[in-house]
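Novice:
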Amino acid sequence: MLSAIIRKVFMKSRLKPLLMLTVLLTVGSSRVFAAEPPAPSALDNPLALTLITLMIILLIIIMMLGRLLLGLAEIKMKNEKEEKGHTGVTATMLLVMLFSSVATFAQDAGGATQAPATIGGLSAFAFYSMITILFVEMLIILVLLINMKFLLQKDKETVFEPAFAKPSSLAAWWGRLNKFKPIEQESAIALEHEYDGIRELDNRLPPWWLYGFYVTIIFSVVYLWRYHVAYSAPLSKEEFEISMKKADEKVKAYLEAKGESVDENTVTLLTDAGDLAAGKAIFNTACVACHKADGGGLVGPNLTDDYWVHGGDVKSIFKTIKYGINAMPQWQTSYSNKQIAQITGYVKSLHGTNPPDAKAQEGELYKEDAAAAGDGAATKN
Amino acid sequence: MQMEKFYYDNKIVKAFGYATVIFAVVGMLAGLWAAIQIYAPSTSLGLAPTTFGRIRPLHTNAIIFAFVGNSIFTGVYYSLQRLCKTRMFSDKLSWIHFWGWQLIIASAAITLLMGYTTGKEYAELEWPIDIAITLIWVVFGINMFGTILKRRERHLYVAIWFYIATWVTIAMLHIVNSFEIPVSFMKSYSWYAGVQDALVQWWYGHNAVAFFLTTPILGLMYYFLPKAANRPVYSYRLSIIHFWSLIFLYIWAGPHHLLYTSLPDWAQSLGTVFSLMLIFPSWGGMLNGLFTLRGVWDKVREDPILKFMVVAITCYGMATLEGPLLSLKNVSAIAHFSDWIIAHVHIGGLGWNGFMAFAILYYLVPKMWGTPLYSRKLANNHFWLGTIGIILYAVPLYWAGFSQSLMWKTFTPEGQLKFQFLETVTNIIPMYVTRSLGGLIYLIGAILMVFNLYKTIAKGKFIANEEAEAAPLQKAVHHGREHWHRRIERRPVAMLVVSLIVVAIGGILEFVPTFLVKSNVPTITSVKPYTPLELQGRDIYIREGCYTCHSQMIRPFRDEVVRYGEYSKAGEFVYDHPFQWGSKRTGPDLARIGGKYSDSWHYNHMDDPASMSPGSVMPVYSWLLDTKLDTSSTPAKIRAMQKLGVPYPEGYDKKANADIKAQSESIAASLKKDKIETPADREIIALIAYLQRIGKDIKQEKKEEQTALK
Numbered sequence: 088m089l090s091a092i093i094r095k096v097f098m099k100s101r102l103k104p105l106l107m108l109t110v111l112l113t114v115g116s117s118r119v120f121a122a123e124p125p126a127p128s129a130l131d132n133p134l135a136l137t138l139i140t141l142m143i144i145l146l147i148i149i150m151m152l153g154r155l156l157l158g159l160a161e162i163k164m165k166n167e168k169e170e171k172g173h174t175g176v177t178a179t180m181l182l183v184m185l186f187s188s189v190a191t192f193a194q195d196a197g198g199a200t201q202a203p204a205t206i207g208g209l210s211a212f213a214f215y216s217m218i219t220i221l222f223v224e225m226l227i228i229l230v231l232l233i234n235m236k237f238l239l240q241k242d243k244e245t246v247f248e249p250a251f252a253k254p255s256s257l258a259a260w261w262g263r264l265n266k267f268k269p270i271e272q273e274s275a276i277a278l279e280h281e282y283d284g285i286r287e288l289d290n291r292l293p294p295w296w297l298y299g300f301y302v303t304i305i306f307s308v309v310y311l312w313r314y315h316v317a318y319s320a321p322l323s324k325e326e327f328e329i330s331m332k333k334a335d336e337k338v339k340a341y342l343e344a345k346g347e348s349v350d351e352n353t354v355t356l357l358t359d360a361g362d363l364a365a366g367k368a369i370f371n372t373a374c375v376a377c378h379k380a381d382g383g384g385l386v387g388p389n390l391t392d393d394y395w396v397h398g399g400d401v402k403s404i405f406k407t408i409k410y411g412i413n414a415m416p417q418w419q420t421s422y423s424n425k426q427i428a429q430i431t432g433y434v435k436s437l438h439g440t441n442p443p444d445a446k447a448q449e450g451e452l453y454k455e456d457a458a459a460a461g462d463g464a465a466t467k468n
Numbered sequence: 067m068q069m070e071k072f073y074y075d076n077k078i079v080k081a082f083g084y085a086t087v088i089f090a091v092v093g094m095l096a097g098l099w100a101a102i103q104i105y106a107p108s109t110s111l112g113l114a115p116t117t118f119g120r121i122r123p124l125h126t127n128a129i130i131f132a133f134v135g136n137s138i139f140t141g142v143y144y145s146l147q148r149l150c151k152t153r154m155f156s157d158k159l160s161w162i163h164f165w166g167w168q169l170i171i172a173s174a175a176i177t178l179l180m181g182y183t184t185g186k187e188y189a190e191l192e193w194p195i196d197i198a199i200t201l202i203w204v205v206f207g208i209n210m211f212g213t214i215l216k217r218r219e220r221h222l223y224v225a226i227w228f229y230i231a232t233w234v235t236i237a238m239l240h241i242v243n244s245f246e247i248p249v250s251f252m253k254s255y256s257w258y259a260g261v262q263d264a265l266v267q268w269w270y271g272h273n274a275v276a277f278f279l280t281t282p283i284l285g286l287m288y289y290f291l292p293k294a295a296n297r298p299v300y301s302y303r304l305s306i307i308h309f310w311s312l313i314f315l316y317i318w319a320g321p322h323h324l325l326y327t328s329l330p331d332w333a334q335s336l337g338t339v340f341s342l343m344l345i346f347p348s349w350g351g352m353l354n355g356l357f358t359l360r361g362v363w364d365k366v367r368e369d370p371i372l373k374f375m376v377v378a379i380t381c382y383g384m385a386t387l388e389g390p391l392l393s394l395k396n397v398s399a400i401a402h403f404s405d406w407i408i409a410h411v412h413i414g415g416l417g418w419n420g421f422m423a424f425a426i427l428y429y430l431v432p433k434m435w436g437t438p439l440y441s442r443k444l445a446n447n448h449f450w451l452g453t454i455g456i457i458l459y460a461v462p463l464y465w466a467g468f469s470q471s472l473m474w475k476t477f478t479p480e481g482q483l484k485f486q487f488l489e490t491v492t493n494i495i496p497m498y499v500t501r502s503l504g505g506l507i508y509l510i511g512a513i514l515m516v517f518n519l520y521k522t523i524a525k526g527k528f529i530a531n532e533e534a535e536a537a538p539l540q541k542a543v544h545h546g547r548e549h550w551h552r553r554i555e556r557r558p559v560a561m562l563v564v565s566l567i568v569v570a571i572g573g574i575l576e577f578v579p580t581f582l583v584k585s586n587v588p589t590i591t592s593v594k595p596y597t598p599l600e601l602q603g604r605d606i607y608i609r610e611g612c613y614t615c616h617s618q619m620i621r622p623f624r625d626e627v628v629r630y631g632e633y634s635k636a637g638e639f640v641y642d643h644p645f646q647w648g649s650k651r652t653g654p655d656l657a658r659i660g661g662k663y664s665d666s667w668h669y670n671h672m673d674d675p676a677s678m679s680p681g682s683v684m685p686v687y688s689w690l691l692d693t694k695l696d697t698s699s700t701p702a703k704i705r706a707m708q709k710l711g712v713p714y715p716e717g718y719d720k721k722a723n724a725d726i727k728a729q730s731e732s733i734a735a736s737l738k739k740d741k742i743e744t745p746a747d748r749e750i751i752a753l754i755a756y757l758q759r760i761g762k763d764i765k766q767e768k769k770e771e772q773t774a775l776k
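Protein sequences, first through last, are from chains A and B.
Sequential numbering from 88 applies to the first sequence in my numbering.
Sequential numbering from 67 applies to the second sequence in my numbering.
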């Protein structure tokens, strides 16, 4: 009797796929939204999202397996009409399985109403009910798989083996995955029309293709919802602010740990040979294009004379290199403060070298002794 | 039932086939040359017409519109007649279409090399050619629809659905994106500016890929694959679902080219999700192709035609999976502006379009000349050369794109960028070299095909008019239940209208808010129109195709903000007709280049880039130092801009040249200070003026804010 009902509902109905999808969508979505009111930021929570996504994926797997199983059962029933006992067993199994999944939905809907303690930002109740659902879903999949194995074994013995040479298991799996019709039975689904000799079959849509399509649609809805309705994911500009803040903290922590936090207020003249060599190396790649290798000036001013456009003391030079000014590019993005201090040291060391072909003086006269008294007071911005 | 006798027109198919072969070689040669120029800039020969910025548009246009375009027409003119059981509607229209299209291609090649360009990718051709394209496209449409209307087959086969959707969508895309205001015979400004221009352009650009490089080829696949394999098409219902979902969803996906740009976030998100939803509709086409081969895979191992098709369809599947993944924001953050994208499009271009075109040619020539192919072995060799070429092309570029992008993003623990831009370029030069080698191998394969087809043609006899028989059109009779879709299949006009509606929705829903809702492009008061000299400089920037290597769009990422300056704002581009955001960074971004270097730096850099940045792969632009700036066009340009809503004062067109003179002289004077003597009326002066202006307005605002605070 049970088998009769199942046959009536599932096998004769041409609306079967549509029906199942509607069930999935209504149940699936009511579940998503059911989790929301108690904790309005539930979609904010990556854990909740992961769990919900997992649930949806498992549900889809269940649906696919369920349909596969029904298909198998159908074949089996056709082939073994006399053996009523067996069909009864499968049908009962199917029914149990269906009920159990319905039960889980009920459980979930009643679920997330109170929110005392939190686990990963979710109320304990919501978390555990979600986990339970996932667990039950996995259990259902297991039951389905066992069932299928059972059915397939039977099928192999009674239907396929005598008829054809045994297909490799990979090919069989591939065929089931795509719902292939055996080529020998192709004429059953050939359409009557032909165009310039081209005929068309009417194979069913590969199930993974169809459900994959549904998944992308669901993903898209959730995506738009998160970014533009719930505002629970950062838009590009917010994402930028977050990343900048993070990076700043990281750099600050690193420099502090290293004890290397020199800046324009604390910089002093470096004269150590190692520092000057390091400064020279950078000067020869970054500065030569405008100031010439010997510092005599080209596009940029002469760095060896007593005249400075933006101040000639250590701090001013450091600042000019670091932040740039007018045509002088800023270098803080390319070099660390320490490196800039090394360049400054090297530039200062060029003073008075009188290179040939140097550029004429520009800017204001700067004398080391006078500056020693005023120390940096002459700097301009 | 009385059978009617009629003749298929093979002559027009032959003409388009020849054009396909010729432009395959020409387009690939241009591509190879451009690929070599990237690592050997001296191969630009120091001449304006042969420099990368003009060769690259020549390559893309030649491949898309000349090679693939002609291959589409070859296949359509062959299959449409047979699927409709009638000769083409009008031989005269067929030939107008053929010669018109070749004339467009020739004029495109000449004008692109001369530097006439709108500066919008894949839509570079100037307005007179745009109009010619529209007219010829209409001719093609009339001819196609005439043929469909006089068919002897009641229902339209799936291939024809794709042809119809292609025709109507390309018409829409081309017309909307080509809205421009002519300044002179070969110069125009885009109707749209900045963010809006970008949205329209990438709606067009993306769907040129969809409806010129994808849907017509799918249509051809639906004809030539079952023919070549002699198998029925796998699934009729899959055809229906994937056709309608594909054309509906594709249109929306354009903004995925603009992720993290100044385009409003909602539009970006639409681009992302609609691209993702495209995976399965695209794969529907792949599955229907590959599954059609069920039961004949042994044949695939031997038949070069099927081999080409299988690899083509597989490449199509890979590219249409990769595309949606690239549309995810976190993937786009790495891949955009890098060579990854170049690799991605060449999987589609070389694999899908190229191999499908080759397969069709190998199928058609023996059929139309009534003789077997001259050498199957040679065709197989072509197949292997092509496949190796694709791999050698794509793999190094994927690697290059990925590693360069990561280098861009690498910081030292001290918080400095670890690599100068140039270092990231020189690092991937070996990959560029390998890529050009892959391209060369692919081209050699194509030349083998030319030889093979030539030999086949030489030994065969051309069947200009192929005899056929069919019963006249019958009233539709249905036996029992009929699939609902059959109804529309016998109504071509309904098919056309419904297709147009389906493809129009996405564009309308994305454009209308972007154009009408003010908050999408917030105004920045300090952003002012370009001075006439800057405007002239900008036109030089566009003419030389600088946008093919330099972007003008700083995305809100830490590395870009540190490297280039504050991220770009929508309001900065309101006077940019056309926008110049670019899509590839072979050189650094220029959105805030203004004021970064001295005038003399730019002067020397244009004369010989390597003198200012040793190891640079930028070609020389020394002719800009000698060519006089043509200021006679200034008044017309100002008037055109005024018409587009740029707020130059009334009557400014007459005063503009005086301003040009003053600004040029001040730049010349600044150069003189750095020991560079140059007359003020040279093009380089205008270009420097423009470069020194880019991205500065917003800095100005910052300064004003600061003084206000003090």
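For each residue, glycine too, the CB sits at the ideal point set by N, CA and C.
What you are looking at is a predicted structure, and each value in this text was computed from that prediction instead of being measured.
Under the rule that 16 or more other beta-carbon atoms within 10 Å means buried, what is I218/A, buried or exposed?
Specialist: exposed
Novice: What residue from L279/B, A636/B and R557/B has the CA that sits closest to F581/B's CA?
Specialist: A636/B
Novice: Considering only their Cβ atoms, is the gap separating Q147/B from T213/B smaller than 8 Å?
Specialist: When the beta-carbon positions are compared, T213/B and Q147/B come within less than 8 Å of each other.
Novice: Which residue marks the beginning of the beta strand (DSSP E) containing E276/B, and which one marks its end?
Specialist: In the sequence on display, residue 276/B carries Ala and not Glu. Unbroken run through A276/B is the alpha helix (DSSP H), G260 to F278; no beta strand (DSSP E).
Novice: Pop quiz: N531/B and N76/B are said to be a contact at Cβ under 8 Å. What is the actual Cβ separation, rounded to whole angstroms?
Specialist: Rounded, the Cβ-Cβ distance is 7 Å, consistent with contact.
Novice: Does DSSP classify W550/B as helix, strand or coil?
Specialist: coil
Novice: For the pair the stretch 307 to 327 of chain B and the stretch 342 to 362 of chain B, tell me if three or more CB-CB distances fall below 8 Å.
Specialist: yes
Novice: So I522/B contacts chain A; which residues on that side make the cut at Cβ distance below 8 Å?
Specialist: The sequence as given places Thr at residue 522/B; Ile does not occur at that position. Within chain A, no residue comes near T522/B; the closest Cβ sits about 23 Å away, beyond 8 Å.
Novice: Can you find a CB in chain A that lies within less than 8 Å of the CB of K293/B?
Specialist: yes
Novice: Run through chain B and tell me which residues come within less than 7 Å of F300/A, C-beta to C-beta.
Specialist: F346
Novice: Buried or exposed for P538/B, please, with buried defined as at least 16 other CB atoms from any protein chain shown within 10 angstroms of its CB.
Specialist: Per the 10 Å Cβ criterion, exposed.
Novice: Since I145/B and A423/B should fall inside the 8 Å C-beta cutoff, what is the C-beta to C-beta distance between them, to a whole number of angstroms?
Specialist: Per the sequence shown, residue 145/B should be read as Ser rather than Ile. Their Cβ separation, rounded to whole angstroms, is 14 Å, which puts S145/B and A423/B out of contact at 8 Å.
Novice: Should K703/B be labelled buried (16 or more other beta-carbon atoms within 10 Å of its own) or exposed?
Specialist: Buried: at least 16 other Cβ atoms inside 10 Å.
Novice: How about S301/B and S341/B: do their beta carbons lie closer than 8 Å?
Specialist: In this structure, S341/B does not lie closer than 8 Å to S301/B by Cβ.
Novice: Tell me whether the beta-carbon of G181/B lies closer than 8 Å to the beta-carbon of T614/B.
Specialist: no
Novice: Going by C-alpha to C-alpha distance, which of A237/B, H240/B, W193/B and R624/B sits closest to I247/B?
Specialist: W193/B
Novice: Leaving aside the five residues before and after I554/B along the sequence, list all residues of the same chain whose C-beta is less than 8 Å from its C-beta, in chain order.
Specialist: A560, M561 and V564
Novice: For chain A, is any of its Cβ atoms less than 8 Å away from the one on K662/B?
Specialist: yes
Novice: Which value, in whole angstroms, describes the spacing of the CA atoms of S256/B and H643/B?
Specialist: 5 Å
Novice: Measure how close the beta-carbons of F89/B and A128/B come, nearest whole angstrom, since I'm counting them as under 8 Å.
Specialist: 6 Å
Novice: Relative to the C-alpha of W26/B, which candidate in H221/B, A198/B and A96/B has its C-alpha closest?
Specialist: The structure shown has nothing for residue 26/B, since chain B only spans 67 to 776.
Novice: If we count the other Cβ atoms within 10 Å of its Cβ and call it buried at 16 or more, is G157/B buried or exposed?
Specialist: For the sequence presented, residue 157/B should be read as Asp rather than Gly. So D157/B counts as exposed.
Novice: Out of G389/B, I121/B, V134/B and I750/B, which one is the CA nearest neighbour of A425/B?
Specialist: V134/B
Novice: Show which residues of chain A have a CB atom less than 7 Å away from the CB atom of G504/B.
Specialist: Result: empty, since nearest Cβ-Cβ is about 32 Å, beyond 7 Å.
Novice: Should S108/B go down as buried or exposed, given a rule of 16 or more other Cβ atoms within 10 Å for buried?
Specialist: exposed
Novice: Where does Y464/B fall in DSSP's three states?
Specialist: Y464/B: helix per DSSP, three-state reduction.
Novice: In angstroms with no decimal places, state the Cα-to-Cα distance between K720/B and C612/B.
Specialist: Counting only the Cα atoms, C612/B lies some 29 Å from K720/B.
Novice: Using a Cβ-Cβ cutoff of less than 6 Å, which residues in the same chain neighbour K367/A once the five nearest sequence positions on both sides are dropped?
Specialist: Excluding sequence neighbours, K367/A sits near Y433.
Novice: Using a threshold of 8 Å, state whether the C-beta atoms of D673/B and L691/B are closer than that.
Specialist: yes
Novice: Looking at the secondary structure, which residues open and close the alpha helix (DSSP H) in which V79/B lies?
Specialist: K77 to Y105
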